[in-house]
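S.K.:
Numbering (this note's numbering), first residue to last: 6 to 211.
#1: Starting from residue 115, trace the alpha helix (DSSP H) in both directions and tell me its first and last residue.
#2: Whose CA, out of 130, 123, 72 and 35, lies closest to the CA of residue 105?
#3: On the three-pair Cβ rule with 8 Å, is the segment 184–204 touching the segment 113–126?
#4: Any idea if residue 146 is buried or exposed, counting beta-carbon neighbours within 10 angstroms, 16 or more meaning buried?
#5: Within 10 angstroms of the Cβ of residue 142, are there 16 or more other Cβ atoms? Answer buried if so, exposed if not.
#6: Alpha carbon to alpha carbon, how far is residue 203 from residue 154? Give it in angstroms, no decimals.
#7: Pick out whichever of 17, 37 and 43 has its Cα sitting closest to the Cα of residue 126.
#8: Tell me the rounded alpha-carbon separation between residue 44 and residue 144.
#9: Which two residues bound the contiguous alpha helix (DSSP H) that contains residue 48?
#10: Assuming residue 22 contacts residue 48 (C-beta within less than 8 Å), just tell me the rounded distance between them.
#11: Count the other C-beta atoms from every protein chain shown that fall within 10 angstroms of the C-beta of residue 67, then say buried if there are 16 or more, exposed otherwise.
#12: Need the endpoints of the alpha helix (DSSP H) that residue 32 sits in, please.
#13: Which of the three DSSP states, helix, strand or coil, is assigned to residue 7?
#14: Let me make sure I understand the geometry here. Which of 128, 117, 87 and 159 has the alpha-carbon closest to that of residue 69?
#15: DSSP on residue 73, reduced to helix/strand/coil?
#16: Exposed or buried, what is residue 76 when buried is set at 16 or more other beta-carbons lying within 10 Å of its beta-carbon?
#17: When you compare only the Cα positions, how much space is there between residue 25 and residue 32?
The structure is reproduced here in structure tokens:
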């Protein structure tokens, strides 16, 4: 743990921090086990609590957005060329069920579902796979992903900004609290979305 903390502290304040964020978020389009959200919130909290001003925080949002967009487009191409959706891990019942549950809604409102998907466990992966399956052209898919990625990155940095000013004395305590808060808010958003959808489905039943 101490080694990890030291590494993060050494990264913050250098261009490497933004490169690492971009790379992790790009790979995270497929590797859902990576702590992408925790990384962005942690670095954002330390940046906000530092003396660099607003510019590094804005650069973090840009780096996170670019990294996510590159990962999204890469997954779109893979899904189109090698049919990832039918292979091994991607065809597991849990993933397949998630894809099926959002398919119709994604086709009707890809932007809204893509944004919601960024806050739901495995949501980014499933919405991107559905986007590839739906026949959405690359240009519209990219625009949809950029909107969702900017919203997600701003959300993470917003959480960091809300707590970063307290991080000078206990940076990693505050960072941990910020990460936990971001996860809890994400789960709350997911729960609200599910409740609204179930109510709409119930109301639609004659």
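Note that beta-carbon positions come from the ideal geometry of N, C-alpha and C, so glycine has one too.
M.R.: So, from the data block:
#1: Working through the chain shown from its first residue, we reach residue 115 at position 110. In this chain, the alpha helix (DSSP H) harbouring residue 115 covers 115–122.
#2: Within the chain shown, residue 105 is the residue found at index 100, counting from 1. Nearest of 130, 123, 72 and 35 to residue 105, Cα basis: 130.
#3: Pairwise C-beta distances place the segment 184–204 in contact with the segment 113–126, as three or more of them are shorter than 8 Å.
#4: Reading the chain shown from its first residue, position 141 is the one you call residue 146. When all chains shown are included, residue 146 counts as buried.
#5: Translated into the one-based positions of the chain shown, residue 142 becomes position 137. That one is exposed.
#6: On the chain shown, position 149 is the one that residue 154 refers to. On the chain shown, position 198 is the one that residue 203 refers to. Going from the Cα of residue 154 to the Cα of residue 203 covers about 26 Å.
#7: As a working note, residue 126 is residue 121 in the chain shown. Check the Cα spacing between residue 126 and each of 17, 37 and 43: the tightest is with 37.
#8: Counting from one through the chain shown, the residue named residue 44 turns up at place 39. Counting from one through the chain shown, the residue named residue 144 turns up at place 139. Taking the CA atoms as reference points, residue 44 sits about 29 Å from residue 144.
#9: To locate residue 48, count along the chain shown from 1; it is residue 43. Annotation for residue 48: the continuous alpha helix (DSSP H) segment containing it runs 41–53.
#10: Looking up residue 22 in the chain shown gives position 17. Looking up residue 48 in the chain shown gives position 43. Yes, residue 22 and residue 48 are in contact; Cβ-Cβ is about 6 Å, under 8 Å.
#11: Within the chain shown, numbered from 1, the residue matching residue 67 stands at position 62. With fewer than 16 other Cβ atoms within 10 Å, it is exposed.
#12: Here residue 32 is taken as the residue at index 27 of the chain shown, counted from 1. Bounds of the alpha helix (DSSP H) holding residue 32 are 20–32.
#13: Counting from 1 along the chain shown, the entry for residue 7 is found at position 2. Its pLDDT being 49, under 50, residue 7 is placed unreliably in this model, and the coordinates cannot settle the point.
#14: On the chain shown, position 64 is the one that residue 69 refers to. Residue 159 is the option with its Cα nearest to residue 69.
#15: One-based indexing of the chain shown puts residue 73 at position 68. Annotated three-state conformation of residue 73 is helix, per DSSP.
#16: For this step, residue 76 is matched to residue 71 along the chain shown. Classification for residue 76: buried.
#17: Taking the chain shown and counting its residues from 1, one reaches residue 25 at position 20. Taking the chain shown and counting its residues from 1, one reaches residue 32 at position 27. A straight line joining the alpha-carbon of residue 25 with that of residue 32 spans about 11 Å.
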